[in-house]
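Chains as they are written, first to last, in the numbering used here: chain A, 174 to 408; chain B, 174 to 408.
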């Protein structure tokens, strides 16, 4: 019998490579206009607006809106700062915003997830919406059982209600569910919310050779090399 | 290109055979005590409490609680009426309530769903909870993309918000999503809520030879023979 009732996953950075995926779409959209862009820098700048945008909701200064909407607003912030908002039509902005639905999984993710799904239910516990998670899964061949996370909790990680509502939605108490992430702060919040925790490193999340979180910051319940190894350790 | 952005499904009766599944578990639990029971009649009586229990929530007289809780309360109603509530321990009642997570799919459902998933996202839009839908899917080999329906809408069909929130959670306008059901009243409510509709008959839902809804009551957008045929018609 498996050690946990279900495994829930951080997605951006842990399961999919958001940076190269977003950069690919940014490149494509700029190239179509015959314009140069440092697409990786654009991706980093866009992602840089992610936490500040969610903070307004975490603090209660704004009601819950889906991450898709925040991504779109943040895109306009970045383009305005670059004095390039007028480059793209409304439809093109919408198309560019769909970049977040076309992120390649890390190489081990589809197989690791399929392996783990044989053992227990698996679901994203991401700040992304149900629509975003569903489209990402179809794009990358990720075999989730269902989608939990921000939208069903109407809030954003690391708010404890996101982890707790996600466990409850799967029919389990918090300590019966393991939260999987490559980010130590996500796991710290999950542990504070009562969940078990599992970590593996993603050394290339911020670009090859760019420093990221390579070591567990606490004695997480499971420490793995990647998602294939995780599936073996959780079996 | 497919005609709709996504397909959402009624589950009890449309995708799975709730009556024989519940009866199997009821038989097993009574036999373990050396007692006779008409398990199909028990299943019908248990299901008979389904609509009245949801009506309290639809009318606003009770806040949303998951169907799992209503099933458990209804089980106690049925057993009390039979003067048999004392037969089962609390753990046994919980085990019996899990009958709703062990319902066999109709024969064409797993393949039909897998076929349709190649074409568009598929999700249950049931009055069952996320946990219940996830467990049913794992039990029966049903390959959903995600789970929408009652829990994300915090209400029960035929409340229009259940259909509308489900479409929105998939990232679509109501008329971009097709609601699939064998029950004409479910489709009528979905149509009123702005969704497209698809119907096929399940002649044995209430038992072999028992009269059920065999014909479409309106000119539904798609009328199919079963889920394999539906997948072909929606492709």
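Don't be surprised by glycine CBs; every beta carbon is placed ideally from N, CA and C.
Where does residue i sit, in a helix, a strand or coil, going by DSSP?
{"i": "residue 277 of chain B", "result": "coil"}
{"i": "residue 187 of chain A", "result": "coil"}
{"i": "residue 237 of chain B", "result": "coil"}
{"i": "residue 383 of chain B", "result": "coil"}
{"i": "residue 210 of chain B", "result": "coil"}
{"i": "residue 182 of chain B", "result": "strand"}
{"i": "residue 390 of chain A", "result": "coil"}
{"i": "residue 405 of chain B", "result": "helix"}
{"i": "residue 216 of chain B", "result": "helix"}
{"i": "residue 259 of chain A", "result": "helix"}
{"i": "residue 364 of chain B", "result": "helix"}
{"i": "residue 377 of chain A", "result": "coil"}
{"i": "residue 176 of chain A", "result": "coil"}
{"i": "residue 346 of chain B", "result": "coil"}
Span of the alpha helix (DSSP H) holding residue i?
{"i": "residue 200 of chain A", "result": "191-204"}
{"i": "residue 351 of chain B", "result": "It is not in any alpha helix (DSSP H) - residue 351 of chain B instead sits in the beta strand (DSSP E) that spans 350-354."}
{"i": "residue 223 of chain B", "result": "223-231"}
{"i": "residue 336 of chain A", "result": "333-342"}
{"i": "residue 310 of chain B", "result": "303-313"}
{"i": "residue 285 of chain A", "result": "282-290"}
{"i": "residue 267 of chain B", "result": "263-270"}
Does the beta-carbon distance from residue i to residue j come in below 9 Å?
{"i": "residue 347 of chain A", "j": "residue 329 of chain A", "result": "no"}
{"i": "residue 360 of chain B", "j": "residue 370 of chain B", "result": "yes"}
{"i": "residue 288 of chain B", "j": "residue 404 of chain B", "result": "yes"}
{"i": "residue 399 of chain A", "j": "residue 281 of chain A", "result": "yes"}
{"i": "residue 249 of chain A", "j": "residue 266 of chain A", "result": "yes"}
{"i": "residue 175 of chain A", "j": "residue 407 of chain A", "result": "yes"}
{"i": "residue 367 of chain A", "j": "residue 340 of chain A", "result": "yes"}
{"i": "residue 305 of chain B", "j": "residue 214 of chain B", "result": "no"}
{"i": "residue 321 of chain B", "j": "residue 343 of chain B", "result": "yes"}
{"i": "residue 194 of chain B", "j": "residue 273 of chain B", "result": "yes"}
{"i": "residue 276 of chain A", "j": "residue 191 of chain A", "result": "yes"}
{"i": "residue 417 of chain A", "j": "residue 198 of chain A", "result": "Residue 417 of chain A is absent from the model: chain A starts at 174 and stops at 408."}
Could you please give me the residues that DSSP links to residue i through a beta bridge?
{"i": "residue 298 of chain A", "result": "A/321"}
{"i": "residue 372 of chain A", "result": "A/354, A/396"}
Does any C-beta atom of chain A lie closer than 9 Å to the C-beta of residue i?
{"i": "residue 383 of chain B", "result": "no"}
{"i": "residue 303 of chain B", "result": "yes"}
{"i": "residue 317 of chain B", "result": "yes"}
{"i": "residue 242 of chain B", "result": "no"}
{"i": "residue 220 of chain B", "result": "no"}
{"i": "residue 370 of chain B", "result": "no"}
{"i": "residue 176 of chain B", "result": "no"}
{"i": "residue 351 of chain B", "result": "no"}
{"i": "residue 185 of chain B", "result": "no"}
{"i": "residue 294 of chain B", "result": "yes"}
{"i": "residue 344 of chain B", "result": "yes"}
Should residue i be flagged as near chain B, meaning a C-beta pair shorter than 9 Å?
{"i": "residue 306 of chain A", "result": "yes"}
{"i": "residue 408 of chain A", "result": "no"}
{"i": "residue 278 of chain A", "result": "no"}
{"i": "residue 324 of chain A", "result": "yes"}
{"i": "residue 311 of chain A", "result": "yes"}
{"i": "residue 321 of chain A", "result": "yes"}
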